[in-house]
Structures are given as C-alpha cells and as structure tokens.
Amino acid sequence: AAGSGWMGRALRILEDVPRGSAHGYLLFMELSANLQSGALDKAIDQARELQVMGHRFSDPNLIALGLVCEGQALIKQGATAKGLRLLDEAMLAALADQLSPEWAGNVYCQLMVACHELGDLQRAREWTQATQRWCESLSAAGPFPGICRVHRAQIFQADGDWQRAEA
Numbered sequence: 030a031a032g033s034g035w036m037g038r039a040l041r042i043l044e045d046v047p048r049g050s051a052h053g054y055l056l057f058m059e060l061s062a063n064l065q066s067g068a069l070d071k072a073i074d075q076a077r078e079l080q081v082m083g084h085r086f087s088d089p090n091l092i093a094l095g096l097v098c099e100g101q102a103l104i105k106q107g108a109t110a111k112g113l114r115l116l117d118e119a120m121l122a123a124l125a126d127q128l129s130p131e132w133a134g135n136v137y138c139q140l141m142v143a144c145h146e147l148g149d150l151q152r153a154r155e156w157t158q159a160t161q162r163w164c165e166s167l168s169a170a171g172p173f174p175g176i177c178r179v180h181r182a183q184i185f186q187a188d189g190d191w192q193r194a195e196a
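Numbered per this note's numbering, the sequence shown finishes at 196, counting up by one with no gaps.
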C-alpha cells in the first residue's frame, strides 16, 4: 500500500513535467511488476521503450535496466540464448563504470538470478570473477559487497572449494 502511494505521488508530480529520465524509472517499476506477473509481451515492449528512453535522455542506467528486463522476459519465454546475450550486454556497462553503483549491483544480481535459475554455472563464474574488483571497490555500508561475497561463495561451493567459500 505504501509503495502504491509513492508511485501515485510520483506519477502525479511528473504528470505535467516534460518526459525525462524520471519517467523511465517509473516505467521500470511498472515493467518489473509485469515481469513478476508474467505479462511478458508487455514487459518486452516496455523494456525496449526503456532502452529508447535511456538513449534519448543519455541515461545508461535506463538502457542497462531495459536490456536486463528484456533479457529476463525472453528467457522466461524460452529464448534463453538471446536473453542471456542481453544480460551480458548490460553487464558490460556495469563493469565499465557507466552505471551508478546501485543500478550496476542490480544488473549483476539479476544476471546471477538468471544463471542460478538456468544452472549456468560457467557464466556465473565468469561474471563473478569479472566483477570482483568492482565489488571490492564498493562501500561496506551498502548492500552489494555482502551480496557479491555470497555470489562468490556460491561459486566456490559449486566448485568444491569449501575453504574459500567459508572465508
């Protein structure tokens, strides 16, 4: 209920404001709900619109979020290879420090969720190794260093490296 109130407030405030990045973040929230509810065709359309908005407003976060969401929807529709390519593309922006830390972390976590659901240990391992420097550079006060350590521990565990997983 509180989330609905905040969304309503944001929609009302932005109602008479020329379209900009803020509208894209509201679209992302609606898109996320459609992904969760299984409205995948609508989610794909919104994800592509989000990417267009990201390019129009020079907001790499919106582009990456659009890529991730489109990739997730495609995977859920059975187009796994195409969906994973989009997730990988979004990760490139995260590793290139083109995204704000909270959105880069979100992209990484969504990729790891997809890898876990698909059992794609190799992809998870490669991206976890690639993100290690980025994860270590984050403030310990935020959520992502801990989450990144959990992902690394999962990879070590899957590889049978129990000492590193425990550490």
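Every residue gets a Cβ at the ideal spot worked out from N, C-alpha and C, and that includes glycine.
I'd like to check one pair, W163 with L113: are the Cβ atoms closer than 8 Å?
Taking the first residue of the sequence shown as position 1, residue 113 is located at position 84. Taking the first residue of the sequence shown as position 1, residue 163 is located at position 134. It is not a contact, given that the beta carbons lie outside the stated cut-off.
How would you call G107, buried or exposed, if buried means at least 16 neighbouring beta carbons within 10 angstroms?
As a working note, residue 107 is residue 78 in the sequence shown. Per the 10 Å Cβ criterion, exposed.
Please report the straight-line C-alpha distance between V179 and A143, rounded to a whole angstrom.
Numbered from its first residue, the sequence shown carries residue 179 at position 150. Numbered from its first residue, the sequence shown carries residue 143 at position 114. So the alpha carbons of these two residues sit roughly 16 Å apart.
Assuming N90 contacts S129 under a Cβ cut-off of 8 Å, what Cβ separation, rounded to an integer in Å, is found between them?
Numbered from 1 along the sequence shown, position 61 holds the residue referred to as residue 90. Numbered from 1 along the sequence shown, position 100 holds the residue referred to as residue 129. That belief holds up - the Cβ atoms of N90 and S129 are roughly 6 Å apart, short of 8 Å.
Same chain only: Cβ atoms within 8 Å of A170, ignoring 5 sequence neighbours per side:
Taking the sequence shown and counting its residues from 1, one reaches residue 170 at position 141. The pLDDT assigned to A170 is 49, lower than 50, so where the model puts this residue is not dependable; a value taken from the coordinates is nonetheless given after this. Hits under 8 Å: none found.
Among the residues of its own chain, which have a CB less than 8 Å from the CB of L56, if the five just before and after it don't count?
One-based indexing of the sequence shown puts residue 56 at position 27. Closer than 8 Å at the Cβ level, and outside the excluded window around L56, lie Q75, E78, L79 and M82.
Using the three-state DSSP reduction, which class does S129 fall into: helix, strand or coil?
The residue you call residue 129 lines up with position 100 of the sequence shown. Three-state DSSP puts S129 in coil, outside helix and strand.
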